[in-house]
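> Numbering of the first sequence is given in numbering that gives the first Met the number 0, commencing with residue 0 and proceeding in unit increments. C-beta atoms are modelled at their ideal positions from N, C-alpha and C, and glycine is treated no differently. One structure follows; several queries about it will come next.
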Amino acid sequence: MASSYKEMEEKWQRRWSEEGLDRSERSDKKKFMIVFAYPGVSGYLHVGHMRGYTYCDVIGRYKRMTGHNVMFPVGTHATGNGAVTLANRIARNDKDMIDYLKRNGCPDDKLEELMDPLSLVWFFNDVYVNDYWKRFGFLSDWRRFTCTLYQDYAKFMQWQFMKLNDAKLLIQKPYFMPACTECGPVAVDASESDISKGGNAETQEYTLLKFRCNDVFLVAATLRPETVYGQVNFWVNPDVEYVKMRKGDETWIVSPAAAKKLSYQKDGCEIIGTINGKDMVGWMCEAPMIRRPVPVFPAKFCDPNVGTGLVTSVPSDAPDDWISLEEVKNDPKMISEYGLTKEQIDSAVPISIISMDGYGDFPAKDIIDSMGIKRSGDPKLLDAKKQVYKDGYHTGKMKAVCGKFAGLRVEDAKDRMKEEMIASGEAESFHDLSEEVICRCGSPVMIKRVDDQWFINYADEELTKRTSGHCRTMDIIPAEYQNNVHTVLNWFRERACVRQGNWLGTKFPYDERWTIEAISDSTLYPIYYIISMYANRKEILPEQMTEPFFDHVVLGKDDAENVSKITGISKELLEKIRKDVDYWYPLDLNVGGKDHMTVHFPTFLFNHAAILPSEKLPRGIMVNWYITGKKSKISKSKGGAQPIPGAAERFGVDSLRLYYAHVASPYADVEWDEDIVMSYRQRLDRIITMTEELNSFTEGETETEVDTWLLSRFGTHIAAIHEGMKKLDIRAMASETYFEMFNDMKWYVRRGGCNSAVIRNALKMWISAMSPITPHVSEELWSICNFEGLVSEYQYPDIPEGNAGAEFGETLIRDVIADMAQIIKVTEIKAERAFIYTSPEWKKKVMRTALDLSSSGKLDIPTLTKMCMADESLRKHGKTVPELAKKFATEMSRTSNDWRYALLQLDETEHLSSAARFISSETGVNVTVISADDEGLYDPKGRSKAALPGRPAIYLE
RNA sequence: GCUGGAGUAGCCAAGCCUGGUCAAAGGCGACAGACUCAAGAUCUGUUCUCGUAGGGGUUCACCGGUUCGAAUCCGGUCUCCAGCACCA
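So, in structure tokens, the structure goes:
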């Protein structure tokens, strides 16, 4: 016995490798290929991540033991800006980041090296492989490891895009992306790798509303185009100097900042002059859609840096508008200062346009009142605005005043009204960031129109149909996702698949200025694991991995001879790789976290369907849920989580694997709790101790009923495991093995079981059942028992038929003990002797007759009664027979009766007699078992009359 | 709001598709007992409620329905969770 888990783990991992279990090669066996969605390289992972990975290894090991040749390759996904961000933070000497790295075991002398993104990726590749996956005992084929930043992977990726292009699934159209005015495209995200400010900014799509005023347009930007029916006036900031801008053959008035932004998105913009805000106050301009003249009023809340710096006023639904309008109306000084007329003031009356749950006619007023906002400029107005916007979007309906849009939900009206105004030339769309974003270089980041952005056309109907159709033939679990995946596939639109800027990844083959984006390069990759091994060994070189190469080995195009000439790869090797691909693909199972349901899995399916023939499309998907933190999520960036090597050290790898396998359904989130992991460790400890003890048994030649029982029970458990694993029910496997079988073993010993041959037989079943989940402990126990070879390579034999009678026999004993205990507890008598009366033969006969009738569907009270009373031997028992017949007929017609066959197989008197000693010792009462048929039996209270088959009568005194 | 999911005893969690040994597996925790120098140890029992003979009563979010019979099937209500995109 190894002295520690760690020692045990290392020992067996070495053995597996020595025996070649971590290498997958073609063979005559049925193959099984499984992968997990490879993780993004963005720092250390935590214990939660190991959940899904562990499921893969468990499934792979199980398949291996049931006759499959298994391939379980792993890799990493380093595309994107994660590594760049991380490297930058280290380079900046970010204290939190350095602390986090060190806490996870990063050596000080590595930090310098990690300032380079690529070095950082190579570093973490090693961490993932060695500290996580190898440490956990995965039987993965490490020779096939690949990373999305490898040269050879890039060649595969470029080929994939060529095939998408061949399938006419690559399209180009305009796109709006954040870009620094000096450095070009940047990533705007919370990690702020490219930018110095504004990481939380989102790109928002505004509608520019054009208000005609003689020969110029005042242009307002709004996020709520559906509110145009509520427009009653227009706002300008009197303190701001606006610009006049030529836009095509029109003249627009907007803020200077807006003019600059617009020039990045619209053609033909040119500033031709300026105009002061205060000069516009008092103008009348025509509102779009409603075509009504509205007055221009002054308002300080118009920020020249937001939108266009000009705002349309919808007081009914915009809190700012409501409160500012009130202020204008109640400020005679302002009215006279700007020369506003009474007609203008009186015309600005709020119009109720949207009905919303929980609000009256004027939602803006309601929220102002409920939040206690008194004047413009109150910072709470921002929250008020968001709240009304959100509630309106979700629950609002357009009122009758909204013309043909009346009755529409806000969500729908928004798009329809916007489109209509754009079509009529009254509006245009405009993209802007929700907050100020500044590049690392100090220049502002703006939204820039790109005319030739590439997309993968996932909206393609043919593709969607083919993909969706294929999904119906797959094993997708849980079943809920099997049903929902079609909705997701239909919901997919064109997806921008390349980007510019400071990102890692593969160059787009048709335009090297672009980098293939992170989701798009991780869809078809499982097939690449079959090829990566040859690239890793340098048997094929990136420059040889051209279109004809992949066309041949993946799609079987052209013949090896020709391709060999073109690529310089030997014909034999090409044929070998082609055969490998043909053997291992399709992928049997892709395991990924629940977040992949709406992004990775659909694109994984789409790309397979787009490029590969139907017989090579994936066969299965399994989605796993998460391990969460106590209160918030255990996030790798927050650093609160237990590092994986630390957990492995502390609990032992197999305890963790058992924890993942059993703690909950894979399809539910679980809260990480070390005490629970500890309890799994204790269970493993107990199992080890028990196995060692059992293995020392040497006696017992004759098989007793407990022996028969144990083997039957174990057979039943193993059958349940196989049944469950048809649906990859790992939890059922764990439950049967580590709990049910364990409890049966305990009962066996307690009942005095000691037959060493039986025990060895049972141990063999038990230890092999444990092997997929706790492989290290299983190997150790397997070797302690001197079983042949490695348990990891053991093939589960066919299971012998269960013995229902034997299984029922033990249930009977337990029931009798429980009944006696209950009687003693309730009556509080101090019993010294117990008499157990088993059912008389004639009652069994009645039951048998009833069962026979029941199985032929003819059971009813009169039939049964008649049949029994026709029997001479029964009739002599008089009126108790019809009573019993009635009881059985009633009970048996309403319940399932399989167990009754088992009980009739059993000689209860014999069985209970042989267990009498055991029952006595368990209950502390001296037990005598008597058949109710016995002549002159001791039965002072006449209890024996109550004896029924499977339900002996009990008398205590 | 849309799409999907969930609500089971002190807690976690099976069961629900395929209605009937379901007062409802298993695990934690708690209580009691055994063992004991000791152990985050192990073993045994109890853990909805009433009950001096193995029984009865009331339960599986809530309301109603189907059925001889419902935790399980159907309709409705309430509450909670996830995703809603270019982010891996």
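Take I476 as the anchor and find which of F549, K578, R512, S664 has the nearest alpha-carbon.
Here residue 476 corresponds to residue number 477 of the first sequence, with the count starting at 1. Measuring from the Cα of I476, the nearest candidate turns out to be S664.
> Going along the chain, which residues of its own chain have a beta-carbon closer than 7 Å to the beta-carbon of N802, five neighbours each way excluded?
Start at 1 with the first residue of the first sequence, and residue 802 comes out as number 803. So the list reads T707, S711, once near-sequence residues are dropped.
> Straight-line CA distance for H430 to T221?
The residue labelled residue 430 in the question sits at position 431 within the first sequence. The residue labelled residue 221 in the question sits at position 222 within the first sequence. Between H430 and T221, the C-alpha separation is close to 11 Å.
> Expressed to the nearest angstrom, what Euclidean distance is found between the alpha-carbon atoms of K5 and E648?
Taking the first sequence and counting its residues from 1, one reaches residue 5 at position 6. Taking the first sequence and counting its residues from 1, one reaches residue 648 at position 649. One C-alpha to the other measures close to 7 Å.
> Check whether the region 382-390 touches the region 327-338, counting contact only when three or more Cβ pairs, one atom from each stretch, lie closer than 8 Å.
The region 382-390 is not in contact with the region 327-338.
> I'd like the list of long-range same chain contacts for A901, defined as Cβ closer than 8 Å, with 5 residues on each side in sequence excluded.
As a first step, residue 901 is located in the first sequence; it is residue number 902 there, counting from the start. A803, G804, E806, F807, listed in sequence order.
> Under 8 Å, do S791 and W15 count as touching if we go by C-beta distance?
To locate residue 791, count along the first sequence from 1; it is residue 792. To locate residue 15, count along the first sequence from 1; it is residue 16. Yes, they are a contact pair.
> T602 to T78, Cα distance in whole Å?
For this step, residue 602 is matched to residue 603 along the first sequence. For this step, residue 78 is matched to residue 79 along the first sequence. The alpha-carbon atoms of T602 and T78 are separated by roughly 16 Å.
> Let me check one thing: in DSSP terms, what residues is R448 bridge-paired to?
As a first step, residue 448 must be located in the first sequence, where it is residue number 449. Answer by DSSP bridge pairing, in chain order: F175.
> Can you name the start and end residues of the alpha helix (DSSP H) that T659 belongs to?
As a first step, residue 659 is located in the first sequence; it is residue number 660 there, counting from the start. In the sequence as displayed, the identity of residue 659 is Tyr instead of Thr. Y659 -> alpha helix (DSSP H) spans 652-661.
> Starting from D244 and walking both ways along the beta strand (DSSP E), at which residues does that stretch end?
Position 245 of the first sequence, counting from 1, holds the residue named residue 244. In the sequence as presented, Asp is not what sits at residue 244; that position holds Met. That run of the beta strand (DSSP E) goes 240-246.
> Going by DSSP in three states, D431 sits in which element: helix, strand or coil?
In the first sequence, counting from the first residue as 1, residue 431 sits at position 432. Three-state result, D431: strand.
> Could you pull out every residue in the same chain whose Cβ sits closer than 8 Å to the Cβ of K630, ignoring the five residues on either side in sequence?
Position 631 of the first sequence, counted from the start, is the residue given in the question as residue 630. At K630 the pLDDT is 44, less than 50, meaning the model places this residue with poor confidence; the figure from the coordinates comes in the next sentence. Counting only Cβ-Cβ distances below 8 Å, and skipping sequence neighbours, we find nothing.
> Just to confirm, is the Cβ distance from V40 to N103 under 8 Å?
Sequence index remark: in the first sequence, residue 40 carries index 41 (1-based). Sequence index remark: in the first sequence, residue 103 carries index 104 (1-based). In this structure, N103 does not lie closer than 8 Å to V40 by Cβ.
> Am I right that F548 and T522 are in contact with their C-beta atoms under 8 Å? What's the rounded C-beta distance?
Position 549 of the first sequence, counting from 1, holds the residue named residue 548. Position 523 of the first sequence, counting from 1, holds the residue named residue 522. About 20 Å separates the two Cβ atoms, so there is no contact after all.
> Is it the case that the Cβ atoms of M244 and A258 are separated by a distance below 8 Å?
Working through the first sequence from its first residue, we reach residue 244 at position 245. Working through the first sequence from its first residue, we reach residue 258 at position 259. Yes; because the gap between Cβ atoms is below 8 Å, this pair is in contact.
> T202 by DSSP, collapsed to three states: which one?
As a first step, residue 202 is located in the first sequence; it is residue number 203 there, counting from the start. If DSSP states are grouped into helix, strand and coil, T202 belongs with the strands.
> On the three-state DSSP scale, how would you describe E493?
By 1-based counting over the first sequence, the position of residue 493 is 494. The answer is strand: DSSP assigns E493 an E or B state.
> Under a Cβ-count criterion, where at least 16 other Cβ atoms within 10 Å of its own Cβ denotes burial, should L947 be classed as buried or exposed?
One-based indexing of the first sequence puts residue 947 at position 948. With 16 or more other Cβ atoms within 10 Å, it is buried.
> Candidates A166, P774, S569, I352: which alpha carbon is nearest K687's?
Along the first sequence, one-based indexing puts residue 687 at 688. Rather than Lys, the amino acid found at residue 687 in this sequence is Ile. The option with the nearest alpha carbon to I687 is P774.
> Span of the beta strand (DSSP E) holding V69?
The residue you call residue 69 lines up with position 70 of the first sequence. Element bounds for V69: 67-70.
> Using the Cβ count rule (16 or more neighbours within 10 Å means buried), how would you classify G376?
For the purposes of this step, residue 376 is taken as the residue at position 377 of the first sequence. G376 should be labelled exposed.
> Assuming I798 and A718 are in contact, meaning their beta carbons sit under 8 Å apart, how far apart are those beta carbons, in whole angstroms?
As a first step, residue 798 must be located in the first sequence, where it is residue number 799. As a first step, residue 718 must be located in the first sequence, where it is residue number 719. Going by Cβ atoms, the distance from I798 to A718 rounds to 5 Å, so yes, they are a contact pair.
> List the endpoints of the continuous beta strand (DSSP E) containing E970.
Look at the range of the chain in this structure, 0 to 956, and you will see that residue 970 is not part of it.
> Can the beta-carbon of T837 be found less than 8 Å from the beta-carbon of T908?
Here residue 837 is taken as the residue at index 838 of the first sequence, counted from 1. Here residue 908 is taken as the residue at index 909 of the first sequence, counted from 1. A contact, by the Cβ cut-off of 8 Å.
> Using the rule of at least 16 other Cβ atoms within 10 Å of the residue's Cβ for burial, across every protein chain shown, is I828 buried or exposed?
In the first sequence, residue 828 corresponds to position 829, counting from 1. By the 10 Å Cβ count, I828 comes out exposed.
> In whole angstroms, what separates the C-alpha of S912 from that of T927?
If you number the first sequence from 1, residue 912 lands on position 913. If you number the first sequence from 1, residue 927 lands on position 928. Answer to the nearest angstrom: the Cα atoms are 7 Å apart.
> Decide if R959 is buried, meaning its Cβ has at least 16 other Cβ atoms within 10 Å, or exposed.
What the structure shows of the chain is the stretch from 0 to 956, and residue 959 is not part of that stretch, so it cannot be assessed.
> Using a Cβ distance threshold of 8 Å, determine whether the region 359-368 contacts the region 309-322, with at least three qualifying pairs required.
The answer is yes - the region 309-322 touches the region 359-368, with three or more Cβ pairs under 8 Å.
> Suppose the cutoff is 7 Å on Cβ atoms and the five residues either side in sequence are ignored; what does the same chain contact list for D302 look like?
Residue numbering aside, residue 302 sits at position 303 when the first sequence is read from its first letter. G308.
> Using DSSP with H/G/I as helix, E/B as strand and the rest coil, what is K637?
To locate residue 637, count along the first sequence from 1; it is residue 638. For K637, the pLDDT reaches just 37, beneath the cut-off of 50, and the residue's location in the model is therefore unreliable, although a value from the coordinates is still provided. Coil, per DSSP.
> At the level of alpha carbons, what is the spacing between S636 and K745?
The residue you call residue 636 lines up with position 637 of the first sequence. The residue you call residue 745 lines up with position 746 of the first sequence. A caution first: S636 carries a pLDDT of 36, below 50, which makes its placement in the model too unreliable to give a value.
> Judging by CA-CA distance, which residue of S351, Y358, N329, E17 is the nearest neighbour of K341?
Along the first sequence, one-based indexing puts residue 341 at 342. Of S351, Y358, N329, E17, the residue nearest in Cα terms is N329.
> Around the C-beta of W490, are 16 or more other C-beta atoms found within 10 angstroms, so that it is buried, or is it exposed?
Indexing the first sequence from 1 puts residue 490 at position 491. It counts as exposed.
> For the region 745-797, list the alpha helix (DSSP H) runs that are entirely contained and at least 4 residues long, ordered along the chain.
Here the runs fully enclosed are 755-769, 774-783.
> Alpha carbon to alpha carbon, how far is L503 from D327? Give it in angstroms, no decimals.
Within the first sequence, numbered from 1, the residue matching residue 327 stands at position 328. Within the first sequence, numbered from 1, the residue matching residue 503 stands at position 504. Checking the sequence, you will find Val at residue 327 rather than Asp. C-alpha separation (whole angstroms): 54 Å.
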